[in-house]
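Scroll down for the structure; my scribbles are underneath it.
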Amino acid sequence: MTAPVSNHRKIGFWTCTALVVGNVIGMGIFLLPASLAPYGFNALIGWTVTLLGCLALARVFSYLAQALPDADGPYGYIRRTLGELPAYMALWAYWVSLWLTNAALATGVVGYITVVFPTLQAIHPAVFALGLLWLFVAINLLGVRAGGSVQIVTTALKLLPMIAIAVLGAWVLLHAPASYSAHLPTTPISLKDTMAAGTIALFAMLGIESASVPAARVNDPGRTIPRATMVGTVLTAVIYIIVSTVPLLLIPQQELGNASAPFALLMDRFGGAGFGRWLSLFVVVSGLGALNGWTLLVGELTRTMAANGVLPRVFVRDNRRGAPAVALVVTGALASVMVWMSYSKSLVSAFTFITRVVTAANLPLYLCCSLALIVLWRRGTVRGAVLPAAVLGVLFVVFAFIGIGHEPLVLGLGLIAAGLPLYAFMRLRRRHAAAKV
Numbered sequence: 460m461t462a463p464v465s466n467h468r469k470i471g472f473w474t475c476t477a478l479v480v481g482n483v484i485g486m487g488i489f490l491l492p493a494s495l496a497p498y499g500f501n502a503l504i505g506w507t508v509t510l511l512g513c514l515a516l517a518r519v520f521s522y523l524a525q526a527l528p529d530a531d532g533p534y535g536y537i538r539r540t541l542g543e544l545p546a547y548m549a550l551w552a553y554w555v556s557l558w559l560t561n562a563a564l565a566t567g568v569v570g571y572i573t574v575v576f577p578t579l580q581a582i583h584p585a586v587f588a589l590g591l592l593w594l595f596v597a598i599n600l601l602g603v604r605a606g607g608s609v610q611i612v613t614t615a616l617k618l619l620p621m622i623a624i625a626v627l628g629a630w631v632l633l634h635a636p637a638s639y640s641a642h643l644p645t646t647p648i649s650l651k652d653t654m655a656a657g658t659i660a661l662f663a664m665l666g667i668e669s670a671s672v673p674a675a676r677v678n679d680p681g682r683t684i685p686r687a688t689m690v691g692t693v694l695t696a697v698i699y700i701i702v703s704t705v706p707l708l709l710i711p712q713q714e715l716g717n718a719s720a721p722f723a724l725l726m727d728r729f730g731g732a733g734f735g736r737w738l739s740l741f742v743v744v745s746g747l748g749a750l751n752g753w754t755l756l757v758g759e760l761t762r763t764m765a766a767n768g769v770l771p772r773v774f775v776r777d778n779r780r781g782a783p784a785v786a787l788v789v790t791g792a793l794a795s796v797m798v799w800m801s802y803s804k805s806l807v808s809a810f811t812f813i814t815r816v817v818t819a820a821n822l823p824l825y826l827c828c829s830l831a832l833i834v835l836w837r838r839g840t841v842r843g844a845v846l847p848a849a850v851l852g853v854l855f856v857v858f859a860f861i862g863i864g865h866e867p868l869v870l871g872l873g874l875i876a877a878g879l880p881l882y883a884f885m886r887l888r889r890r891h892a893a894a895k896v
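So for the sequence shown, this note's numbering puts the first residue at 460; every next one is plus one.
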């Protein structure tokens, strides 16, 4: 296991909450109303199912943190209940999804920055994206508290446009309530469309587990992680319901579905011309905040897996500021490769498909953690209303697996299979080392 981390290098409730909110609210929410528009009211039903499922999963992570405060996060939760191999498979897929997400965020942020500041178009977009990616690697090399401080600031800033949309929606409701019934969606309600919309919405909710991943770096994890997870998830759920409903009801369905910047369209139409550009600036801030948060998490997760012997031991090494330096640099390099790939014309369509693959890669973690809580309940380690949360978590993951479609699911399973040779190698290496002792 890793050496103890001194308290002055640990993070507390507000940083953990900012990790949850900041990682969940990335760039996807700013395009989500357009993505969900073709589904009409199925989108709101899908949102409801997804948010209820995510609240159940948030309870799962909260209960696990309380029951196993010294387990060093999700890897420890699963390893202590289901075994090492399930823990590795779930966390390997999740680990890959993290640096894939960082690559997608870096390229997405560059697209928005050049709109807000046209003079920056002189910089080659791939070089610009790599610069942003390594900027946040450098920030997190200063230690988890440095990355956590940046996360608090960017999370506070990214909430401002969400509040603006909510205020605008309330203002229209008071002054022109008929606007909400003038362009009602016409798509029929169906189970298929509800499941599809719910799966799209789930991608926007990925990150509810963020407070539990750096558990070894959290002050009083048994108390801090559950509180931060629930507060962050509930806050995000309320925000998402509001900002998804307002555009759906105020903008004609087909127009909303074709909008490249739905929130900017809404602000320009009901708030005044020019407001949309300012909103784009906050999209940049939101993307940068998510990039920082996921960089912090992928470094901590890499360190945790290495400390448990399923990744090379070199990833455990911390620098003098307590940051997992080798882990951050290597995962930054992997994300950099994906950034270059994303600018290859032959791979653009495949790279946009990553969003659904990333969702598929997250589901094994959610499933295994829900099953881990059921195991703890059967052992008598936990009591109370934990079983309903765990069962709901399992049912929601099954719902998401069905809704995500065949191809992303197969690719997600392929990610897991790709990591098995490394697991076998590391296991043999540990046995060989033990035989020598």
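The beta carbon of each residue, even a glycine, is placed where N, CA and C say it ideally should be. Here the structure is a predicted model, which is why all the values come from computation and not from measurement.
Item	Value
Paired residues, beta bridge with valine 677 - DSSP	Ile470
Buried or exposed (CB count within 10 angstroms, at least 16 for buried), glycine 542	exposed
Beta-carbon gap between valine 568 and glycine 748 smaller than 7 Å	no
Span separating the alpha-carbon of phenylalanine 472 from that of tryptophan 836	27 Å
The segment 637-648 / the segment 839-853 touching (three or more Cβ pairs under 8 Å)	no
N- and C-terminal bounds of the alpha helix (DSSP H) containing aspartate 531	Run containing aspartate 531: none; DSSP gives neither H nor E here.
Anticipated Cβ contact below 8 Å, glycine 532 with alanine 782, distance rounded	About 17 Å separates the two Cβ atoms, so there is no contact after all.
Where glutamate 422 falls: helix, strand or coil (DSSP)	For the chain, the structure presents residues 460 to 896; residue 422 sits outside this window and is missing.
Unbroken alpha helix (DSSP H) run spanning leucine 495, endpoints	491-495
Proximity below 7 Å, CB of alanine 848 to CB of alanine 515	yes
Option in Pro721, Ile698 and Leu793 with minimal Cα separation from leucine 709	Pro721
Integer-rounded CB distance, given that glycine 852 should sit under 8 Å from valine 519	5 Å
Straight-line gap, valine 690 to proline 880 (C-alpha atoms, nearest Å)	39 Å
Where methionine 460 sits in the DSSP three-state scheme	The predicted position of methionine 460 is uncertain, since its pLDDT is 43 and thus under 50; a value taken from the coordinates is nonetheless stated next. Residue state, collapsed to three classes: coil.
Same chain, Cβ closer than 7 Å to glycine 768, five either side skipped, listed in chain order	Met885 and Arg889
Cβ-based neighbour list, glutamate 759, same chain, cut-off 7 Å, excluding 5 preceding and 5 following	Val672, Pro673, Arg676 and Pro783
Threonine 658 vs glycine 862 beta-carbon contact at 7 Å	yes
Assigned secondary structure, leucine 541 (DSSP; H/G/I helix, E/B strand, else coil)	coil
Selection from Leu592, Arg538, Ile572 and His865 that minimises the alpha carbon distance to leucine 559	Leu592
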